[in-house]
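Worksheet: the structure to be examined is printed underneath.
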Amino acid sequence: MDMAVSERVAIRWQEMADELRDWIAACLADPRLRTTPGSDAVLQQAKERALRDAAAAPADDLALNDWLRQQTFAIVLGVVWPSYESKFVNLVRRRVWNQDDADDIVQGTAHKAIHRCLDFWRYSLTLYGWLCALVHQQTVDWIRQRARTGRLMEKQGHDIDASQPGNLTTPTLAARRKETRERLLDLIQGLDPIDRQILILHHLEAFPLVEIADLLNLEEANVRQRHLRARRWCGEEWKRRYPKLPGGLAAVGELL
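For the record, in the sequence shown the residue sitting at position 44 is 43 according to numbering that gives the first Met the number 0, with numbers rising by one throughout.
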C-alpha cells in the first residue's frame, strides 16, 4: 500500500477521533443493547478497518471524512445489530406473516443501512430510531410490491373472509383492500418524512407515542402534535383525491 495514502488516512482519522468517539459512545449507551465492548475498543476496531482499507479511501478531503464515518458506522452496526435484530424481525412479522420474508426484510435493512449511513449522520435521530425507520420503510416497500402482484392482499382477504363469514368474497375483498392500500401508501408519501415515520410506527407497529418520541429524539408533545396533524392531513387529502370513495379520516385511520 502507498504509505502516503495510509498516512493521510491516519492523520484525518486522528483529527476526527473525538467526533467519532462521542458518536460511538452515544450509540452504545442504548439500554436495549446487551453487553458491548467499550467505545474506545470500538473506535480502535474502526481505525484498524480504515487503515486496512486505506487504498480505497477517496482523494477528496470532504469525501474522506464521509468515508471514515462509513467505516466507523459499519463497525458500530456490527456491534449493535445482534441486540436489535430479533426486535426488528418480530415487528416485521406482524405485517408480513412469514418468518422467511421477515428475515429477508430485516437482513435487507442491515445492508441498506450501510449504504445509507451518511443520511443518518445528517439527522438528529438515535441509531435505533433511524434503523427502525429503515425497517418500516423496507416493510412498506415489501407490502407495496406484494400488493401489486396481489399475493399479500389475497392472503389478507382470505384470512378476513375465513374469520368473518358473510363478508365479501375473497377475490372482491382482496381487490378492494389492495387498491385502497396502494392509494394510501401513495398518499402518505406527501407527508413530512418525520410525520410519516410517526404514522408508520404508531399505526402499523403499535408503538406508543411516548416511545416514538424516544426513538426519534423528539419531545412527546411534539410527536402528539405531528401525529394529529398527519392524521388530519391524510383524511382531508383522501377526501380531496377520492371524493367518491367512502371513508375520509375514518377509513384512512382504519388502514393506517
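Virtual Cβ for every residue (Gly too), placed ideally from N, Cα, C.
- Classified as buried, residue 194 has 16 or more neighbouring CB atoms from the shown chains inside 10 Å of its CB.
- Put simply, the backbone Cα of residue 135 is about 7 Å away from that of residue 199.
- Judged by beta-carbon spacing, residue 143 lies within the 9 Å limit of residue 184, meaning their Cβ atoms are closer than that value.
- Residue 233 and residue 89 have their C-alpha atoms roughly 28 Å apart.
- The beta carbons of residue 120 and residue 65 sit closer together than 9 Å.
- For residue 52, there is no enclosing alpha helix (DSSP H), as DSSP gives it neither H nor E.
- In the three-state reduction of the DSSP assignment, residue 221 falls in the helix class, which pools H, G and I.
- For residue 59, the three-state secondary structure derived from DSSP is coil.
- Short of 6 Å from the beta carbon of residue 11, and not among the five residues preceding or following it, lie these beta carbons of its own chain, in chain order: 63.
- Ranked by Cα distance from residue 187, the first of 214, 240, 210 is 240.
- For residue 192, the enclosing alpha helix (DSSP H) has its first and last residue at 192-198.
- Apart from the 5 residues on each side of it in sequence, residue 113 sits with its Cβ closer than 8 Å to the Cβ of 69, 72, 73, 76 in its chain, given in chain order.
- Annotation: residue 188 is outside any alpha helix (DSSP H) and is labelled neither H nor E by DSSP.
- Looking at the backbone, the Cα of residue 27 and that of residue 243 are separated by about 51 Å.
- Within the model, the alpha-carbon separation for residue 220 versus residue 117 is close to 29 Å.
- Inclusion of residue 29 and residue 79 in the CB contact set at 9 Å is warranted, their separation being smaller than that value.
- Beta-carbon to beta-carbon, residue 23 and residue 41 are separated by about 5 Å, close enough to satisfy the 8 Å threshold.
- Distances from the alpha-carbon of residue 67 to those of 14, 103, 126 put 14 closest.
- A direct Cα-to-Cα measurement between residue 224 and residue 215 gives close to 14 Å.
- When DSSP states are grouped into helix, strand and coil, residue 208 belongs to the helix group.
- Taken in chain order, the complete alpha helix (DSSP H) segments of 4 residues or longer contained in the segment 86-143 are 98-114, 116-121.
- The beta carbon of residue 101 is closer than 7 Å to those of 88, 91, 92, 95 in its chain, skipping five residues each way along the sequence.
- Between the C-alpha atoms of residue 5 and residue 53 there is a straight-line separation of about 6 Å.
- For residue 141, the closest alpha carbon among the candidates 129, 171, 127, 99 is that of 99.
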